[in-house]
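Chains as they are written, first to last, in this note's numbering: chain A, 174 to 507; chain B, 100 to 245.
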Amino acid sequence: MTSAPKARRHWGRAAHIVGPAFQKTTQDVAEEFHRVYDSDPARADPVYLAHVMREHTRPLILAADAGMTGANFAIAETGAIVTVTNEGNADLSANVPALRICSVGIEKVIPGLAELAVFIRLLARSATGERITQYTSHFAAPRAGGEMHVVLVDNGRTERLADERFWPSLKCIRCTACLNTCPVYRRSGGLSYGATYMGPIGIITMPADDVRRYRELPFASTLNGSCAGVCLVHINIHEQIYAWREVMDVGRRVLHHQEGDHESRGRRAEQPRAFRAAAEADSTALRVLPHFAIYSRLNARGRYRDVPAAPPQTFTSGTPATGAAARGAGHDRT
Amino acid sequence: MTAREDILAAIRSHGATPRDLPHVPDFPQPAGNLVSLFSAALARLDGATVAQPPAVLTQWMSQAFPDARRVCSAVPEVTGTVDPAGFPDWAAPASLDVTLIRFPLGVAETGSILLTESDLAVTTAAVLASHLVVLLDPVPLEYLVT
Numbered sequence: 174m175t176s177a178p179k180a181r182r183h184w185g186r187a188a189h190i191v192g193p194a195f196q197k198t199t200q201d202v203a204e205e206f207h208r209v210y211d212s213d214p215a216r217a218d219p220v221y222l223a224h225v226m227r228e229h230t231r232p233l234i235l236a237a238d239a240g241m242t243g244a245n246f247a248i249a250e251t252g253a254i255v256t257v258t259n260e261g262n263a264d265l266s267a268n269v270p271a272l273r274i275c276s277v278g279i280e281k282v283i284p285g286l287a288e289l290a291v292f293i294r295l296l297a298r299s300a301t302g303e304r305i306t307q308y309t310s311h312f313a314a315p316r317a318g319g320e321m322h323v324v325l326v327d328n329g330r331t332e333r334l335a336d337e338r339f340w341p342s343l344k345c346i347r348c349t350a351c352l353n354t355c356p357v358y359r360r361s362g363g364l365s366y367g368a369t370y371m372g373p374i375g376i377i378t379m380p381a382d383d384v385r386r387y388r389e390l391p392f393a394s395t396l397n398g399s400c401a402g403v404c405l406v407h408i409n410i411h412e413q414i415y416a417w418r419e420v421m422d423v424g425r426r427v428l429h430h431q432e433g434d435h436e437s438r439g440r441r442a443e444q445p446r447a448f449r450a451a452a453e454a455d456s457t458a459l460r461v462l463p464h465f466a467i468y469s470r471l472n473a474r475g476r477y478r479d480v481p482a483a484p485p486q487t488f489t490s491g492t493p494a495t496g497a498a499a500r501g502a503g504h505d506r507t
Numbered sequence: 100m101t102a103r104e105d106i107l108a109a110i111r112s113h114g115a116t117p118r119d120l121p122h123v124p125d126f127p128q129p130a131g132n133l134v135s136l137f138s139a140a141l142a143r144l145d146g147a148t149v150a151q152p153p154a155v156l157t158q159w160m161s162q163a164f165p166d167a168r169r170v171c172s173a174v175p176e177v178t179g180t181v182d183p184a185g186f187p188d189w190a191a192p193a194s195l196d197v198t199l200i201r202f203p204l205g206v207a208e209t210g211s212i213l214l215t216e217s218d219l220a221v222t223t224a225a226v227l228a229s230h231l232v233v234l235l236d237p238v239p240l241e242y243l244v245t
């Protein structure tokens, strides 16, 4: 149900850490490039689109007085900042202008080159399935005639480092393995998190940045633990999600309507008859309610995407309500 | 107090528990010819290896890039049309068709090559050119990423 104007509004937000716009098709990109760069909207092949982007963005880099990048790692042994990219955007930004500025979170500091070799392997393989990315660049000093400035960023990281519950989240290397395996992320997409970092790692890092703004994120999880199972640096993600729920609960940061919703759902789940009746009612409502009712302002689930059609058969439909006969036949799994 | 001292003081004052660094193992090197491994890894990155060095490099260059007009050569075997020491700034190599350079190190595991500012003062000549030709001696090939 996403309309074109809405889609345009969301081009500026990332849906994935490694592939920020990977939810878009090449045709979406072709149409957007046509709108912005007046390119051929009928040509949706990636090579042509890459050339269009290069023609329009490379002159900006070539003419820039300063280039600013982040960092994937900072090596204590050599003093070098390391960036890992495929498109070469960080490399061009850092190499072409005379003035180089690197913004580095303090958790990016690792001991030495031996550790870097491990992290490079882990990051590339898990993020994109490659053995290494196209560019792995070390910036250790300003060039002759140039300047280099490194900005070390704390922004709450030292406080998190001292918190036994949440410090392991600082180990994250942004490989996105947890996103790719998360059933909630895979269904909802990254935009629904409304945050810079999305998915399981976003759930445990964004509240540390703004606990009020992101108070709902810890509840966007089934706590199935798949994220922690695939995490390369062994972050106990699902346990931290649960701990953040406790933080929200203790701080009464759960929205009032959400709290009521949770209580209502809890009571319903305790009564199988009521649960099944409510499930049937929801399915019927999705089939018969008019469009404006389903996509009203009250239904946040339909704000940016289609609400899935109600399946013709559910786990409970067509089975005896009491379950006695089914249990006798060994079919009751509810 | 500088910002760096602020951060270090904050880490100390918050009393974070010191932890031992984990041991980094020596990863085993697989058996096999390093040149073959390098070539296979490079192919995965859409790069191509010329197995047998051409007898006359200039002739091979003109056959491989017949339309190239601005060729930057940083090796003595080929005289290019652009002097690698003559770039006024790091954006100047943007108009290069081909850059030819000898790299000191290749990594067989990944098909990667090492470029440093001691090999090419204006490193953007290797990044901004449309095509990059690398002369790589087989002897210094390493297997592991370091």
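C-beta: ideal position from N, C-alpha, C; glycine also. Fair warning: this is a prediction, and the values are worked out from it, not measured in the lab.
- Rounded to the nearest whole angstrom, the C-alpha separation of residue 346 of chain A and residue 270 of chain A is 27 Å.
- Contact between residue 343 of chain A and residue 352 of chain A fails: their C-beta atoms lie close to 18 Å from each other, not under 8 Å.
- Around the beta-carbon of residue 371 of chain A, 16 or more other beta-carbon atoms lie within 10 Å, marking it buried.
- Contact check for residue 228 of chain B against residue 196 of chain B passes: the beta carbons are separated by less than 8 Å.
- Between the C-alpha atoms of residue 173 of chain B and residue 336 of chain A there is a straight-line separation of about 53 Å.
- Partner residues in the beta bridge of residue 172 of chain B, as assigned by DSSP, are B/199.
- Remark: C-beta atoms of residue 278 of chain A and residue 338 of chain A do not approach each other more closely than 8 Å.
- For the region 275-296 of chain A, the residues whose beta carbon sits under 7 Å from a beta carbon of chain B are, in order, 279, 284, 286, 287, 288, 290, 291, 293 and 294.
- Of all residues in the region 109-128 of chain B, the ones placed with a Cβ closer than 7 Å to any Cβ belonging to chain A are 109, 110, 113, 114, 115, 120 and 123, in chain order.
- In this structure, DSSP gives residue 190 of chain A a state outside helix and strand, which the three-state scheme calls coil.
- Using a CB distance cut-off of 8 Å, residue 101 of chain B does not count as an interface residue toward chain A.
- A buried status is given to residue 373 of chain A, since no fewer than 16 other beta-carbon atoms sit within 10 Å of its beta-carbon.
- For residue 412 of chain A, not one C-beta of chain B is nearer than 8 Å to its own C-beta.
- Within the region 184-204 of chain B, those residues whose Cβ lies closer than 8 Å to any Cβ of chain A are, in chain order, 188, 189, 190 and 193.
- The C-alpha of residue 183 of chain B lies about 52 Å from the C-alpha of residue 113 of chain B.
- Residue 305 of chain A and residue 127 of chain B have their C-alpha atoms some 18 Å from each other.
- Beta-bridge partners assigned by DSSP to residue 211 of chain B: B/206.
- Around residue 335 of chain A, the beta-carbon contacts reaching into chain B at under 7 Å are 113, 114 and 115.
- Residue range 330-334 is occupied by the alpha helix (DSSP H) that includes residue 332 of chain A.
- Boundaries of the alpha helix (DSSP H) harbouring residue 202 of chain A: 199-210, taken from the DSSP string.
- Between the region 243-255 of chain A and the region 213-225 of chain A, the count of C-beta pairs closer than 8 Å stays below three; the two stretches do not touch.
- Look at residue 230 of chain B here: in three-state DSSP terms it is strand.
- Close to chain A, meaning a Cβ-Cβ distance shorter than 7 Å, are the following residues of the region 218-241 of chain B: 222, 223 and 226.
- For residue 453 of chain A, the enclosing alpha helix (DSSP H) has its first and last residue at 445-461.
- For the region 126-145 of chain B, the set of positions with a beta-carbon nearer than 9 Å to some beta-carbon of chain A reads 126, 140, 143 and 144 in chain order.
- Considering only B/108, B/106, B/116 and B/136, the residue with the shortest C-alpha distance to residue 205 of chain B is B/136.
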